[in-house]
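Residue numbers (our numbering): 145 to 720.
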Ligand code: GLY
């Protein structure tokens, strides 16, 4: 007999009430979901309570996020899902990475944005030229068919309910509406492709906290997907609507591109950290390689900066902060030089993650000073809330899912699909669109990451599962562009090195360095000025920014399952 901590098992047609805060301190005993929105976490919990597994819960949560966080992720975008299943239930791999990252349309090649530049800026960030072929529906339905147990109608029901009957506006939604207002003010040509969202979903920008938001058009899309599967999206009426908005605005993506979208099933990357197995995402994610490099460096040098006694360690010790920042700089330098879609480019994964190379990076770190930019990585090239959403799930069998999905920046391309109430992504901006110019996240990337027909843009999404002695210990990931990598890692390190519980681990203030620009950013909520002073004395240029990633974290300990949603975006976990 178990205690249901939340009211999520109800199937009423009203929004499910969030749990009292006090309930979060109690570990769950059977399963948990941590996502960017309370209604989405409860959609996942509803599946677990119906007897579904972690994949059923993840798929239900994701479709629900498409409705309640339509500016971060959704059926117009793509993502990565890492699945870990203890034991071998069937002939499929029990640890798998689903890659449903969007792909470049056939008409877009390496010179596309250079040629478009004559017609003005930002074509890779806004409008029809920024859209890559969406993968989310194909990825989620593959996961459900091969790893889930429930039927499509059941897992899509909570999302359809949220779209039809509504959910309430929170601070994150209002902030996204403000961003959309700015886009419409600064780029008036985007008004034509944002009318439904602006007028109906955002109430012409007049949305207030706790107002009810509905999206009957997206409910119609989800109902079609529930009835007809991914054919409805890739070959049926939704595909037709995508092709028609692209054609109306002279975009490069065609119905043929949409119909030919294929996802990839990958073998996850694996590494280790003080006796734990780290399971993470291979290219076109850059996050997995970066995490393994950073953790490898820390494993070699942490003893020089931290007390052996865990209870006496301090996660804001300047010596620790400096070491972690220097490790980040190495990883981001290699990201800029080498990483891209390994279906098109020979990415030297083994060389970048092997222990001799990681040792050489670790040995090169000066614990007292930061170094000139070309001392990081192995070859330094000439410098030629964002959107996104993560969810973590565990079920009562120990099956775990870490899933990060995105439409890239807030509201993606700002091109909505007429009649179906969702935005198309602007993932093309994750390619190197103009060699030598940084993308919307300020990331310098190599020419290996130029667009090519069918290629996937490099991503920072880093879904990660940590296994210890064969059992899942941690499930994590984040949103936040390149800050996904550093935000996820800091939350994981807060658990693995400082023994924090998930709520403290995700709430703790964070810092970020991505090698270029050469600025060490501290969150505005970082109050320990002495650490910033100490970093400046080591030669770092420091800066401030609002949020460094939005993390969803689950930790399994002997007394149960603790889940935490990052307060930076108003999520809330659910479990039982
Ligand atoms: N669109 C953000 C990322 O994939 O890194």
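Glycine included, every Cβ here is placed at the ideal spot set by N, Cα and C.
* Three-state secondary structure (DSSP) at residue 262? -> Locating residue 262 in the chain shown gives position 118, where the first residue counts as 1. Correct three-state label for residue 262: helix.
* Asked: Which one or two residues does DSSP pair with residue 325 in a beta bridge?
  -> Translated into positions along the chain shown, residue 325 becomes position 181. Residue 325 pairs with nothing; no bridge assigned.
* Asked: Going by Cα to Cα distance, which pick from 549, 470, 173, 483 is closest to residue 519?
  -> Stepping through the chain shown from its first residue, residue 519 is reached at position 375. The residue with the shortest Cα to Cα distance from residue 519 is 470.
* At least 3 beta-carbon pairs within less than 8 Å: the stretch 635 to 650 vs the stretch 700 to 715 -> The answer is yes - the stretch 700 to 715 touches the stretch 635 to 650, with three or more Cβ pairs under 8 Å.
* **Between the CA atoms of residue 513 and residue 682 - distance to the nearest angstrom** => Here residue 682 corresponds to residue number 538 of the chain shown, with the count starting at 1. Here residue 513 corresponds to residue number 369 of the chain shown, with the count starting at 1. Whole-angstrom Cα-Cα distance: 4 Å.
* To do: Would you mind working out which of 244, 329, 335, 259 sits nearest residue 271, comparing C-alpha positions?
  => As a first step, residue 271 must be located in the chain shown, where it is residue number 127. Selected option, being the one with the closest Cα: 335.
* To do: State the start and end residues of the unbroken beta strand (DSSP E) segment that holds residue 667.
  => The residue labelled residue 667 in the question sits at position 523 within the chain shown. Start and end: 664 to 667.
* State yes or no: is the C-beta of residue 535 within less than 9 Å of the C-beta of residue 175? => Residue 535 sits at position 391 when you count from the first residue of the chain shown. Residue 175 sits at position 31 when you count from the first residue of the chain shown. No. Outside cutoff.
* **Between the CA atoms of residue 431 and residue 629 - distance to the nearest angstrom** => The residue labelled residue 629 in the question sits at position 485 within the chain shown. The residue labelled residue 431 in the question sits at position 287 within the chain shown. One C-alpha to the other measures close to 5 Å.
* Asked: Apart from the five residues just before and just after residue 725, which ones in its own chain have a Cβ nearer than 6 Å to its Cβ?
  -> No answer is possible for residue 725: the residues shown for the chain start at 145 and end at 720.
* Compute the minimum distance between the beta carbon of residue 308 and the heavy atoms of the ligand GLY, and state whether it is under 8 Å. => Indexing the chain shown from 1 puts residue 308 at position 164. Outside the cutoff, so no.
* Asked: Taking the C-alpha atoms as reference points, what is the distance between residue 576 and residue 615?
  -> Start at 1 with the first residue of the chain shown, and residue 576 comes out as number 432. Start at 1 with the first residue of the chain shown, and residue 615 comes out as number 471. Across the structure, residue 576 and residue 615 are spaced so that their CA atoms are roughly 39 Å apart.
* To do: Give me the Cα-Cα distance between residue 712 and residue 632, rounded to the nearest whole angstrom.
  => As a working mapping, residue 712 is identified with position 568 in the chain shown. As a working mapping, residue 632 is identified with position 488 in the chain shown. Approximately 13 Å between the Cα atoms of the pair.
* **Of the listed residues 321, 487, 448, 653, nearest to residue 216 (C-alpha basis)** => What you label residue 216 is simply residue 72 of the chain shown in a count that begins at 1. Ranking the options by Cα distance to residue 216, first place goes to 321.
* Got a sec? Which residues, its chain only, sit under 7 Å from residue 578 by beta carbon, not counting five neighbours each side? -> Residue numbering aside, residue 578 sits at position 434 when the chain shown is read from its first letter. Setting aside the 5 residues that flank it on each side, residue 578 is surrounded in the same chain by 257, 258, 261, each with a C-beta closer than 7 Å to its C-beta; the list follows chain order.
* So what's residue 219 in DSSP terms, helix, strand or just coil? -> Locating residue 219 in the chain shown gives position 75, counting from the first residue. In the structure shown, residue 219 sits in coil (DSSP, three-state: anything other than H, G, I, E or B).
* Among 673, 225, 180, the one whose alpha carbon lies nearest that of residue 609 -> Against the chain shown, residue 609 aligns to sequence position 465. Looking at the Cα atoms, 225 is the closest of the given residues.
* To do: Select from 363, 642, 222 the residue whose C-alpha is nearest the C-alpha of residue 602.
  => Counting from 1 along the chain shown, the entry for residue 602 is found at position 458. The shortest Cα separation from residue 602 among 363, 642, 222 belongs to 222.
* Asked: Which parts of the stretch 234 to 281 are runs of the beta strand (DSSP E), unbroken and 3 residues or longer, counting only runs that do not cross its ends?
  -> Counting only runs of 3+ residues, the beta strand (DSSP E) found wholly inside the stretch 234 to 281 occupies 239 to 244, in chain order.
* Residue range of the unbroken beta strand (DSSP E) whose run includes residue 421 -> Residue 421 sits at position 277 when you count from the first residue of the chain shown. Looking at the DSSP string, the run of the beta strand (DSSP E) that includes residue 421 is 420 to 424.
* Continuous beta strand (DSSP E) stretch holding residue 408: start and end -> As a working note, residue 408 is residue 264 in the chain shown. Segment 408 to 410, the beta strand (DSSP E) holding residue 408.
* To do: Taking residue 471 as part of the beta strand (DSSP E), name the residues at either end of that continuous run.
  => Position 327 of the chain shown holds residue 471. It is not in any beta strand (DSSP E) - residue 471 instead sits in the alpha helix (DSSP H) that spans 462 to 482.
* **Cβ neighbours of residue 376 in the same chain (closer than 7 Å, five flanking residues each side left out)** => Here residue 376 is taken as the residue at index 232 of the chain shown, counted from 1. Around residue 376: 368, 369, 382.
* Which class does residue 309 belong to by DSSP, given the choice of helix, strand or coil? -> To locate residue 309, count along the chain shown from 1; it is residue 165. Secondary structure of residue 309 (DSSP, three-state): helix.
* Selected residue, minimal CA-CA separation from residue 715, among 172, 213, 171 -> Start at 1 with the first residue of the chain shown, and residue 715 comes out as number 571. Sorting 172, 213, 171 by C-alpha distance to the C-alpha of residue 715 places 213 at the top.
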